[in-house]
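A short worksheet on the structure shown next.
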Amino acid sequence: MKPLILISNDDGVDAPGLRLLADCANSFGDVVVVAPDSARSGQSSALTFNAPLRINEHPDYHGATIRSVTGTPVDCIKIAMHTILTRKPDLMLSGINHGSNAGNSVIYSGTMGAVFEACMLDIPAIGFSLLHHSWEADFSECITPTKEIISKVINGGGLPTGVCLNVNYPAKVKIEGAKVVRAAKSHWTQEYQRYDDPSGKPFFWLTGRMINEEPDNPETDLYWLDRNYATIVPTRADQNASDKIKSITDLLAPL
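Everything in the sequence shown is counted per my numbering, starting at 19 for the first residue and increasing by one.
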């Protein structure tokens, strides 16, 4: 039986990056795409609980089965497991996202929200992102490393339990190689721009830019992305700080 590969994203079922990821995966197994029916960027691990979810069928794409869901990326993974798939996937892929998920962006990412959901179900899962937001972005440099990563994970026995991968590619350059690193400590500044509507009432639009707090640290993703390398960050859905139980117990004593 061929490996079963589930693919999703947060840019929506018609995103070029999603189609390219399906093309990269189809030589490694049977591909089923279950993606949001429209863009759901920045949804993180959000769920839909106040509206019905509907599944839409789409024509197959280069042998891949395509379905869209009227919900978030996490909804797509849950619906796929509950209704669409006939067996547990051997691999789950998300992306290729139009835009960065490096640094602290992973916290907000719908692309990685889908990955974390699969990871919690003990499915090897990888998120892919290109540092370019345009719908016309050139993904050609992503093809070879994406296929190599998929091949190594599938043929190498998967990923460690509870660990998933966050892969980011630099844009508009020749990719020099790949580095396995950690996410850089970063934050966003000037996050909202104020405008006034025709009646003079203010409203705010999300904007801003990311600040890398350790720009000279070669242990981080943002350092290597600035140097035209792809980055691979092992990450976890488990957010327990188990190593701090003793210090927090001492802090809160005698509770």
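Cβ coordinates follow ideal geometry from the N, Cα and C atoms, glycine included.
CB contact flag (residue i, residue j, <9 Å)
i	j	result
GLY113	SER59	no
LEU36	VAL51	yes
ILE167	LEU183	yes
THR88	ALA69	yes
ASP32	ASN115	no
GLY195	HIS150	no
LYS96	GLU135	yes
ASP215	PRO233	no
VAL133	ASN186	no
ASN122	TRP206	yes
ASN230	ALA202	yes
ILE193	ALA155	no
Per DSSP, cross-strand counterpart(s) of residue i
i	result
ASN74	SER86
PHE294	As displayed, the chain neither begins before 19 nor continues past 273, which places residue 294 out of reach and without an answer.
ALA53	SER86
ASP48	LEU22
TYR79	ALA82
MET138	None; MET138 has no bridge partner.
LYS197	THR249
MET110	LEU24, ALA143
ARG254	VAL181
ARG227	THR207
Whole-angstrom distance between residue j and residue i, CA atom to CA atom
i	j	result
ASN44	PRO91	21 Å
HIS283	ASP41	Outside the shown range of the chain (19 to 273) lies residue 283, about which nothing can therefore be said.
MET110	ILE263	32 Å
VAL191	MET138	34 Å
THR101	ARG85	11 Å
ILE266	ARG254	22 Å
TYR241	ASN235	6 Å
LEU71	LEU269	45 Å
VAL199	PRO220	42 Å
ILE161	GLN211	36 Å
SER279	ASN119	Missing from the structure shown is residue 279; the chain here goes from 19 to 273 and no further.
TRP153	ILE25	19 Å
ASP93	SER260	29 Å
LYS197	PRO272	45 Å
LEU103	ASP48	11 Å
PRO178	PRO163	20 Å
GLY176	ASN74	30 Å
ASN246	PHE157	14 Å
PRO34	SER56	13 Å
ASP256	GLY174	23 Å
PHE67	GLY218	36 Å
ALA143	MET228	26 Å
MET19	TYR213	57 Å
Residue environment, residue i, which counts as buried when at least 16 other CB atoms sit within 10 Å
i	result
ASP108	buried
LYS170	exposed
MET130	buried
THR238	buried
ILE23	buried
ASN27	buried
ASN258	exposed
LEU39	buried
ILE125	exposed
PRO54	buried
ALA98	buried
SER63	buried
Contact belief for residue i with residue j at Cβ below 8 Å, rounded distance in angstroms
i	j	result
GLY128	GLN61	4 Å
LYS334	ILE141	With the chain running from 19 to 273 in the structure shown, residue 334 is simply not present.
GLN208	GLY226	5 Å
PRO77	PHE46	At roughly 22 Å, the Cβ-Cβ gap does not stay under 8 Å, so PRO77 and PHE46 are not in contact.
is_contact[residue i, chain C] using C-beta, thresh 9 Å
i	result
VAL191	No chain C is present in this structure, which holds just one protein chain.
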